[in-house]
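Engineer: Mind having a look at this structure? Questions to follow.
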Amino acid sequence: MIQFADRLAALGRNVFADMDRAKTARKSRGLDLIDLSLGSSDLPTAPLICQVIAQSLEDPSTHGYTLFGSTAEFRGVIAQWMTERYGVSLDPETEVLPLIGSQEGTAHLPLALLNPGDVALLTDPGYPSHYGGVTLAGGELYAMPLLPEHGFLPQLDQIPAETVARARMMVLSYPHNPTAAVAPLDFFQRAVAFCRRHSIALVHDFPYADLVFTGDRPPSVLQADPTKSICIEFYTCSKSYNMGGFRIGFAVGNPDLIQALRAVKSVVDFNQYQGITRGAIAALRSGDAIIRPTVQTFRDRRDAW
Ligand SMILES: Cc1ncc(COP(=O)(O)O)c(C=O)c1O
Numbered sequence: 001m002i003q004f005a006d007r008l009a010a011l012g013r014n015v016f017a018d019m020d021r022a023k024t025a026r027k028s029r030g031l032d033l034i035d036l037s038l039g040s041s042d043l044p045t046a047p048l049i050c051q052v053i054a055q056s057l058e059d060p061s062t063h064g065y066t067l068f069g070s071t072a073e074f075r076g077v078i079a080q081w082m083t084e085r086y087g088v089s090l091d092p093e094t095e096v097l098p099l100i101g102s103q104e105g106t107a108h109l110p111l112a113l114l115n116p117g118d119v120a121l122l123t124d125p126g127y128p129s130h131y132g133g134v135t136l137a138g139g140e141l142y143a144m145p146l147l148p149e150h151g152f153l154p155q156l157d158q159i160p161a162e163t164v165a166r167a168r169m170m171v172l173s174y175p176h177n178p179t180a181a182v183a184p185l186d187f188f189q190r191a192v193a194f195c196r197r198h199s200i201a202l203v204h205d206f207p208y209a210d211l212v213f214t215g216d217r218p219p220s221v222l223q224a225d226p227t228k229s230i231c232i233e234f235y236t237c238s239k240s241y242n243m244g245g246f247r248i249g250f251a252v253g254n255p256d257l258i259q260a261l262r263a264v265k266s267v268v269d270f271n272q273y274q275g276i277t278r279g280a281i282a283a284l285r286s287g288d289a290i291i292r293p294t295v296q297t298f299r300d301r302r303d304a305w
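First residue of the sequence shown: 1, per this note's numbering; consecutive thereafter.
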């Protein structure tokens, strides 16, 4: 009889698998449905990005492993992109880490931060990889409720002192899935001050950075922590560039957090395929030209309701 680790049971059910079963059941009864079960775009990846990836297939130098934090070119483009967008300066060698998607990074980071029993402060509702990563690391979950009367922002002063004392990480994610709330910069400033006071790593998952329909660009948490004292932020090409299936994203921020995540990651994978990395470079270099029509399509759909 095969014996499995306790952490497997602790991972519980997978919400995406549950939704998939529910969709299949309805479709098999011939019912049409609008699929809101997963934040996966149904729009195609831009031809420019696809062409770069296709050309890379013909180039044998892209066919091997991509070791050591992916390519210097990609890390440099990411650093420049963060500066142009958010006015944050980053050392591409120590403060940037390419990833196989934001989910990969947020799920692996707790292995670098938590000893068994250490607390992670997570939002409720929140994204499954945030919870799953903490569970895999043997951490203890503390759910910070997100309520409409507080603009779906956690009330940091409501967290019990005993819990704060044992907390090693806090995970935020704005624009927020699933409430669509956007956090103002002054909330991030308060969160940074709180985390610094209590020596808690502040993790910001930022996949919907571009998917807003009104107002200014949502802030990066690094604008509230320009010295990168305590924050790490995760971005992905899945949403803004409709590249979900290509699996590419990155982390930026505090060099010790980046180094710790790199150490965990280096046990697990050898980075994304270089051709896809070149596609992501083309995406980031395209400014807002690729993003704009995507946002417009989603805005039109939203307004149709
Ligand atoms: C909050 C959040 N983080 C991460 C992801 C996944 O990002 P990636 O495709 O880069 O792994 C999603 C996708 O729905 C998400 O909603």
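Idealized CB from N, CA, C, for every residue including glycine.
Would you mind sorting residue 265 into buried or exposed? The rule is 16 or more other CB atoms within 10 Å of its CB.
Structural biologist: Looking at its Cβ environment, which holds 16 or more other Cβ atoms inside 10 Å, residue 265 is buried.
Engineer: Can you list, in chain order, the residues of its chain with a C-beta nearer than 8 Å to that of residue 7? Leave out the 5 residues immediately preceding and following it.
Structural biologist: 135, 136, 138.
Engineer: Quick check for students: name the residue ranges of the alpha helix (DSSP H) that lie wholly in the stretch 104 to 141, counting only runs of 4 or more.
Structural biologist: Counting only runs of 4 or more, we get 128 to 136.
Engineer: What number of angstroms, rounded off, separates the C-alpha of residue 76 from the C-alpha of residue 82?
Structural biologist: Taking the straight line from one Cα to the other gives about 10 Å.
Engineer: At 4 residues or longer, and completely inside the stretch 202 to 258: list those alpha helix (DSSP H) runs for me, N to C.
Structural biologist: Counting whole runs of 4 or more residues, the stretch 202 to 258 contains the alpha helix (DSSP H) stretches 237 to 240.
Engineer: Which value, in whole angstroms, describes the spacing of the CA atoms of residue 191 and residue 29?
Structural biologist: Looking at the two C-alpha atoms, the distance is approximately 48 Å.
Engineer: Would you mind stating whether residue 251 and residue 90 have Cβ atoms separated by less than 7 Å?
Structural biologist: Contact: no.
Engineer: Helix, strand or coil: how does DSSP classify residue 25 here?
Structural biologist: In this structure, residue 25 counts as helix in the three-state DSSP scheme.
Engineer: Under the rule that 16 or more other beta-carbon atoms within 10 Å means buried, what is residue 149, buried or exposed?
Structural biologist: Under this definition residue 149 is an exposed residue.
Engineer: Going by beta carbon distance, what residues of the same chain come within less than 8 Å of residue 117, once the five residues before and after it are set aside?
Structural biologist: Here the set comprises 138, 139, 140, 166.
Engineer: Buried or exposed: where does residue 203 fall if 16 or more other Cβ atoms within 10 Å of its Cβ makes it buried?
Structural biologist: Result: buried.
Engineer: Can you list, in chain order, the residues of its chain with a C-beta nearer than 7 Å to that of residue 57? Leave out the 5 residues immediately preceding and following it.
Structural biologist: Answer for residue 57: 275, listed in chain order.
Engineer: With respect to 6 Å, is the separation between the Cβ of residue 254 and the closest non-hydrogen atom of ligand 1 below this value?
Structural biologist: Checking every heavy atom of ligand 1 against the Cβ of residue 254, none is found closer than 6 Å.
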